[in-house]
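First comes the structure, then the notes that go with it.
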Amino acid sequence: MYALAQLAMRGRLYAALVAAAFAWAAFALIQVPGAALLLLPLMPLLMYASAAVVGLTTLRNGPTEAGLVILGGGLAMAAGLLAAQIPVRHVLEVLFVFWVPTLVAGEVLRRRQDQGVAASAIAISATVVALLVLLLSGDPVVQLEAWLAKHWDEWRDMMRQSMPDAPQARMSVTPADIARAATHLMLSSWVFGVMMSMLLARWWHARMDNPGGFGREFKEFRLPRWVAFATVALMVLSFLVDGGLRTLTGALSQVGMLLFMVQGVAVAHGVVAIRSAHVGWLVAMYLMLLVLMPESLYAIALTGFFDHWLDYRKRAQRV
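Take a look at the structure:
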């Protein structure tokens, strides 16, 4: 994948074609008969790589060049989708869901040289997107709940048959519960995707122009303190308001916790590096994240949140 990133940096045309190829491959994979479920996990990875090419172009050559890459990549992707008989509307989805937000985040990172500030720009973008959806389309939870309710009895019967020993509390969830959780997950997943694309672009950038620079920068990752206050305020508001505002505040508070999880991971890497500790500590952390979800995710996020006041990395230097 890094070899393709190097190829993309040979010129504007190369970057556009590589970005388009990654995105086209993501949609082409799910068209393979009988292999969709097996190949589905590769789709987001290819999308992240596609957006990372745009981010890398932004970091090295600026937003104007990246904008031209987006334009050329969109045309190339449209041609590829037409040839594969895949709906061309996916081009707009890739442009506005991945490429443009990564360009914005990459430009903030290029100017400020601070991954935490760039991450806060992604959070602001998420706020704008959520507000636009709420104003233009109404509460997405209500719409999704109405759709789920049409099939709810059938799905609940299927769940009971497939999991007869499942706890009653799990079976008592309502369409509203599922709709709210799904809405929060969609926004957080989008933020996660843009964040991963930006970090991948920065890693490629460092390998090309500043070997070892990505690791040093990531170990210092710290969100602006206002993000912590905003996250707490949104959490409190989500319990005090109803309707679309509850959906908005709840989804954005989850975005805040996601970003603090990234800061928590950065804290762990930073402390291990400062103390020259064994890499096994990091392996244990990642295993914990995988095995003990979701509790481990909240623990790491809280570590990142309280780092604003406890400053674990600075304390590690004193010991």
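Using numbering that gives the first Met the number 0, the letters of the sequence shown map in sequence onto residues 0 to 318.
Each residue gets a CB set at the ideal place from its N, CA and C atoms; glycine is no exception.
| message | Is the separation between the beta-carbon of ARG274 and that of ALA300 shorter than 8 Å? | response | Residue mapping note: residue 274 aligns to position 275 of the sequence shown, counting from 1. Residue mapping note: residue 300 aligns to position 301 of the sequence shown, counting from 1. Result no, Cβ atoms of ARG274 and ALA300 do not sit closer than 8 Å.
| query | Can you tell which of VAL193, PHE304, PHE217, GLN112 has its C-alpha closest to the C-alpha of VAL271? | reply | For this step, residue 271 is matched to residue 272 along the sequence shown. Measuring from the Cα of VAL271, the nearest candidate turns out to be PHE217.
| field | Option nearest PHE238 by Cα separation, candidates HIS150, SER252, VAL96 | value | As a working mapping, residue 238 is identified with position 239 in the sequence shown. Checking every option, the nearest Cα to that of PHE238 belongs to SER252.
| message | My output table needs one value for ILE299: the three-state DSSP class, helix, strand or coil. | response | Against the sequence shown, residue 299 aligns to sequence position 300. If DSSP states are grouped into helix, strand and coil, ILE299 belongs with the helices.
| Cβ separation of LEU58 and GLY105, assumed to be a contact under 8 Å, to the nearest whole Å | Numbered from 1 along the sequence shown, position 59 holds the residue referred to as residue 58. Numbered from 1 along the sequence shown, position 106 holds the residue referred to as residue 105. Yes, they are in contact, since the Cβ atoms of LEU58 and GLY105 sit about 5 Å apart, within 8 Å.
| said: GLY303 and GLN262 - do their beta-carbons sit closer together than 8 Å? | reply: Reading the sequence shown from its first residue, position 263 is the one you call residue 262. Reading the sequence shown from its first residue, position 304 is the one you call residue 303. For GLN262 and GLY303, yes; Cβs fall inside 8 Å.
| said: For THR248, report the span of its alpha helix (DSSP H) as first-last. | reply: In the sequence shown, counting from the first residue as 1, residue 248 sits at position 249. THR248 -> alpha helix (DSSP H) spans 242-274.
| Which residues in the same chain have their Cβ closer than 6 Å to the Cβ of ALA205, if we skip the five residues on either side of it in sequence? | On the sequence shown, position 206 is the one that residue 205 refers to. GLY212, PHE213, listed in sequence order.
| request: Spatial neighbours of LEU28 within its chain, please: CB distance less than 7 Å, with the 5 preceding and 5 following residues excluded, ordered by chain position. | output: By 1-based counting over the sequence shown, the position of residue 28 is 29. Correct list, in chain order: LEU38, LEU41, MET42.
| task | Taking all protein chains shown into account, decide if ILE123 is buried (16 or more other Cβ within 10 angstroms of its Cβ) or exposed. | result | The sequence position of residue 123 within the sequence shown is 124, counting from 1. Exposed, since its Cβ has fewer than 16 Cβ neighbours within 10 Å.
| field | Own chain residues within Cβ distance below 6 Å of TRP308, not counting five before or after | value | By 1-based counting over the sequence shown, the position of residue 308 is 309. Cβ within range, chain order: n/a, list empty.
| request: Identify which residue in LEU222, ALA48, TRP203 has its Cα closest to the Cα of ASP306. | output: As a working note, residue 306 is residue 307 in the sequence shown. It is LEU222.
| Taking all protein chains shown into account, do 16 or more other C-beta atoms lie within 10 angstroms of the C-beta of MET292, making it buried, or fewer, making it exposed? | For the purposes of this step, residue 292 is taken as the residue at position 293 of the sequence shown. MET292 comes out exposed.
| message | Just to confirm, is the Cβ distance from ALA320 to ALA250 under 8 Å? | response | Residue 320 lies beyond the residue range present for the chain, which begins at 0 and ends at 318; the question has no answer from this structure.
| message | To the nearest angstrom, how far is the alpha carbon of ALA22 from that of ALA4? | response | Locating residue 22 in the sequence shown gives position 23, where the first residue counts as 1. Locating residue 4 in the sequence shown gives position 5, where the first residue counts as 1. Near 14 Å, if we compare the C-alpha coordinates of ALA4 and ALA22.
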